[in-house]
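These protein sequences, in sequence, are chains Y and W. Each residue of the first sequence is one higher than the last, beginning at 1 in full-length UniProt numbering. Each residue of the second sequence is one higher than the last, beginning at 1 in full-length UniProt numbering. The C-beta atom is built at its ideal place from N, Cα and C for all residues, glycine as well. These numbers were taken from a predicted model, which means no experiment stands behind them.
Protein chains: 2
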Amino acid sequence: MKTKLDPSADLSAQIAAAIRDAIIDGTLPVDERLPSEIELCEQFDVSRSTVREALKRLAAQSLIRTQRGATGGAFVKRLNYADAYAQQITTSTLLLSMNEVDFATACEARFTLERACAPLSAKRRTPDHLATMRAEIHRQGQIGLSDEAFCASDVAFHRALVDAAHNPVLSYQLAGAVEAMQPLMNMITFTARDRDKIIRLHTDLANAIEQENAVEADRVLQTLASETNAMADTVFTARAGR
Amino acid sequence: MKTKLDPSADLSAQIAAAIRDAIIDGTLPVDERLPSEIELCEQFDVSRSTVREALKRLAAQSLIRTQRGATGGAFVKRLNYADAYAQQITTSTLLLSMNEVDFATACEARFTLERACAPLSAKRRTPDHLATMRAEIHRQGQIGLSDEAFCASDVAFHRALVDAAHNPVLSYQLAGAVEAMQPLMNMITFTARDRDKIIRLHTDLANAIEQENAVEADRVLQTLASETNAMADTVFTARAGR
DNA sequence: TGTTTTCATATGTCTGACAATTATCTATTG
DNA sequence: CAATAGATAATTGTCAGACATATGAAAACA
Numbered sequence: 001m002k003t004k005l006d007p008s009a010d011l012s013a014q015i016a017a018a019i020r021d022a023i024i025d026g027t028l029p030v031d032e033r034l035p036s037e038i039e040l041c042e043q044f045d046v047s048r049s050t051v052r053e054a055l056k057r058l059a060a061q062s063l064i065r066t067q068r069g070a071t072g073g074a075f076v077k078r079l080n081y082a083d084a085y086a087q088q089i090t091t092s093t094l095l096l097s098m099n100e101v102d103f104a105t106a107c108e109a110r111f112t113l114e115r116a117c118a119p120l121s122a123k124r125r126t127p128d129h130l131a132t133m134r135a136e137i138h139r140q141g142q143i144g145l146s147d148e149a150f151c152a153s154d155v156a157f158h159r160a161l162v163d164a165a166h167n168p169v170l171s172y173q174l175a176g177a178v179e180a181m182q183p184l185m186n187m188i189t190f191t192a193r194d195r196d197k198i199i200r201l202h203t204d205l206a207n208a209i210e211q212e213n214a215v216e217a218d219r220v221l222q223t224l225a226s227e228t229n230a231m232a233d234t235v236f237t238a239r240a241g242r
Numbered sequence: 001m002k003t004k005l006d007p008s009a010d011l012s013a014q015i016a017a018a019i020r021d022a023i024i025d026g027t028l029p030v031d032e033r034l035p036s037e038i039e040l041c042e043q044f045d046v047s048r049s050t051v052r053e054a055l056k057r058l059a060a061q062s063l064i065r066t067q068r069g070a071t072g073g074a075f076v077k078r079l080n081y082a083d084a085y086a087q088q089i090t091t092s093t094l095l096l097s098m099n100e101v102d103f104a105t106a107c108e109a110r111f112t113l114e115r116a117c118a119p120l121s122a123k124r125r126t127p128d129h130l131a132t133m134r135a136e137i138h139r140q141g142q143i144g145l146s147d148e149a150f151c152a153s154d155v156a157f158h159r160a161l162v163d164a165a166h167n168p169v170l171s172y173q174l175a176g177a178v179e180a181m182q183p184l185m186n187m188i189t190f191t192a193r194d195r196d197k198i199i200r201l202h203t204d205l206a207n208a209i210e211q212e213n214a215v216e217a218d219r220v221l222q223t224l225a226s227e228t229n230a231m232a233d234t235v236f237t238a239r240a241g242r
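What follows is the structure in structure tokens.
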């Protein structure tokens, strides 16, 4: 079956789109083997390089995997959470860093979503997630910790909070919001007093989650949101003044 | 400057990763022109096909755009919301459809996030978004509407609700959650009574948003969540019984 | 000065070749 | 007969070189 393409536009993009659509609508199920490169050449009436460029596009989106050898080929890949997380974080991070999204907007989005998560986390938290949260709080209190390491620990703390909700879809959706904030947070230099304040709020939050107190957790998150905004304001206005 | 690669692994993937890292960490700023394909060949000591496959991988992630001609080349692309939306929706949809995420989990994630959005939407809604919501409610009431069209309108309604919060980051994050549900919703056949119930709740929700009544909006969304789950339950148990 | 032509440069595509990997078949040998 | 070693075929990965096409800039010309 020959598939027609528009010769004036990018051929490899068109081929990739055709195959991608087939994967999304289920025509090509998971683990199905695509035709070999040579067969695709014939089907789309293009050269092998063009077919290969199309396949690489799909591989970049984790839609296919390839195997060499006799029974090899390109196979529809089951999109796993790890790959999806990675893509989501890359996209979210770039979206924020390239579009000069102001800190307040990103911050609002992040804490709004986290607050939505907190009631579920309070209800379903396991000792495992609580231990992670406590461990990160401890790390945040260590002296000599760099700002970057402090931010990284902050992200880990909040990821644990989200994961405690035990809903992988929710975790996936929030991964972008939480992780993408890190580069923005890294622009802030935290004073010792700032850190103390954050650590105290983190402790309050962990306690509230441990006690399954959703109302208190929400209150703490609101405070954390406004404190974070205030710190950012201080830093940015000071920087603008110079 | 020659960059060393591991010759035993996929060369084009390594080259793509190297350039991607440079874009993410800001070494290559937006609109910067990458070296020409020939120059990249020399830099990585590979053939042009390999370089091109690497560039196509980056293009698939909307990280670069290419231009032909004398002053052409590959340029770091500013990731815009439209591209980010599209990628997010593709990834989310596939994640749900390929991993047999059960309806309840996906539904919980979606409504949890939407409920987080509702207070902001109630505060900031404009006549524009309200009009979209009302228009979709009207469409949902038309007789002879297919299940698919009903679901599509449902998605449009909820997107308008989310967009009313006027936080593009939030809209982006929720796009995945809301749109990815559509294929799952399409598996449900709605009875006329189901539709009436949903339309009534949508109307209540639109009214609550119009009156800036966040508490009422949250209540309606909770009801909508449990009703949706109940409908899905009915359908799936009936289907399992056959 | 304004227009057309030419040219240089870059990506897009094609062809053909060889390398590397791997499952399967085949022959050999104990 | 069974186990092993080797040949074989299919498939992706990489390379080299060519031509097509698009496009901005310089050169030639009116």
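Which residues DSSP lists as bridging residue i, in chain order
i: A74 of chain W; result: W:T66
i: R33 of chain W; result: W:F75
Proximity below 7 Å, CB of residue i to CB of residue j
i: A118 of chain Y; j: L201 of chain Y; result: no
i: P183 of chain W; j: S97 of chain W; result: yes
i: A109 of chain W; j: V169 of chain Y; result: yes
i: D233 of chain Y; j: T189 of chain Y; result: no
i: G73 of chain W; j: S36 of chain W; result: yes
i: A177 of chain Y; j: L113 of chain Y; result: yes
i: K56 of chain W; j: K197 of chain Y; result: no
i: S153 of chain Y; j: Q140 of chain Y; result: yes
i: V51 of chain Y; j: L34 of chain Y; result: no
i: T132 of chain Y; j: A160 of chain Y; result: yes
i: N229 of chain W; j: A104 of chain W; result: yes
Cross-chain neighbours of residue i in chain Y, by beta carbon under 7 Å
i: T93 of chain W; result: I24
i: S36 of chain W; result: What S36 of chain W touches in chain Y: nothing, since even the nearest Cβ is about 17 Å away.
i: K56 of chain W; result: S12, E53, K56, R57
i: G176 of chain W; result: Q173
i: Q140 of chain W; result: Ordered by position in chain Y, no residue passes the 7 Å Cβ test against Q140 of chain W, which lies about 24 Å from the chain.
i: D84 of chain W; result: Before going on, a small fix: residue 84 of chain W reads as Ala here, not Asp. Those within 7 Å of A84 of chain W in chain Y are T91, L95.
Neighbouring residues, chain W, relative to residue i (Cβ below 7 Å)
i: R33 of chain Y; result: Residues of chain W passing the Cβ test: none, with the nearest at roughly 16 Å.
i: R52 of chain Y; result: E53
i: N213 of chain Y; result: Here the premise fails: no neighbours, minimum Cβ distance about 18 Å.
i: E108 of chain Y; result: N167
i: T27 of chain Y; result: By Cβ distance, chain W contributes nothing, its closest Cβ being about 13 Å from T27 of chain Y, past 7 Å.
Beta-carbon proximity list for residue i, same chain, < 6 Å, skipping 5 on both sides
i: M185 of chain W; result: C151
i: R115 of chain Y; result: D218, L221
i: A54 of chain W; result: S12, I15, A16
i: L224 of chain W; result: L201
i: L174 of chain W; result: L113, V162
Listed by chain order, chain W residues near residue i by CB distance under 9 Å
i: C117 of chain Y; result: T112, L113, A116
i: T90 of chain Y; result: R20, I24, Q61, L63
i: L5 of chain Y; result: Result: empty, since nearest Cβ-Cβ is about 16 Å, beyond 9 Å.
Beta-carbon contacts of residue i that lie in its chain and below 7 Å, excluding the five residues immediately before and after
i: L58 of chain W; result: A16, I19, R20, I64
i: D163 of chain Y; result: H129, S171
i: T3 of chain W; result: A18, Q43, F44
i: N99 of chain Y; result: none
Supposed contact pair residue j and residue i - C-beta distance, whole angstroms, cut 8 Å
i: A84 of chain Y; j: Y172 of chain Y; result: 6 Å
i: A122 of chain Y; j: I209 of chain Y; result: 5 Å
i: H166 of chain W; j: R195 of chain W; result: About 30 Å separates the two Cβ atoms, so there is no contact after all.
i: I137 of chain Y; j: T191 of chain Y; result: Contact flag wrong, Cβ pair sits at about 18 Å.
i: I23 of chain W; j: V76 of chain W; result: 6 Å
i: Q87 of chain Y; j: S62 of chain Y; result: 7 Å
i: I89 of chain W; j: E179 of chain W; result: 5 Å
Residues near residue i in its chain [Cβ-Cβ closer than 8 Å; skip 5 each side]
i: M181 of chain Y; result: L96, A106, C107, R110, V155
i: R134 of chain Y; result: A206
i: V30 of chain W; result: V76, K77, R78
Residues that residue i contacts on chain Y, provided the C-beta gap is smaller than 9 Å
i: V101 of chain W; result: P168, V169
i: Q222 of chain W; result: Under the 9 Å cutoff, chain Y gives no residues; its nearest Cβ is about 11 Å from Q222 of chain W.
i: A16 of chain W; result: K56, A60
i: L184 of chain W; result: Residues of chain Y passing the Cβ test: none, with the nearest at roughly 11 Å.
Chain-ordered chain W contacts of residue i [CB-CB under 8 Å]
i: V30 of chain Y; result: M98
i: A152 of chain Y; result: The contacting residues do not exist; A152 of chain Y stays about 15 Å from chain W at best.
i: T105 of chain Y; result: N167, P168, V169
Within chain Y, the residues that residue i reaches when beta carbons sit closer than 8 Å
i: T228 of chain W; result: What T228 of chain W touches in chain Y: nothing, since even the nearest Cβ is about 15 Å away.
i: L79 of chain W; result: T91, L94, L95, M98, N99
i: S49 of chain W; result: S49, R52
Residue i: CB within 6 Å of a non-hydrogen atom of the ligand COA
i: Q87 of chain Y; result: By its list of ligands, the structure shown contains no ligand whatsoever, and the ligand COA lies outside what it can speak to.
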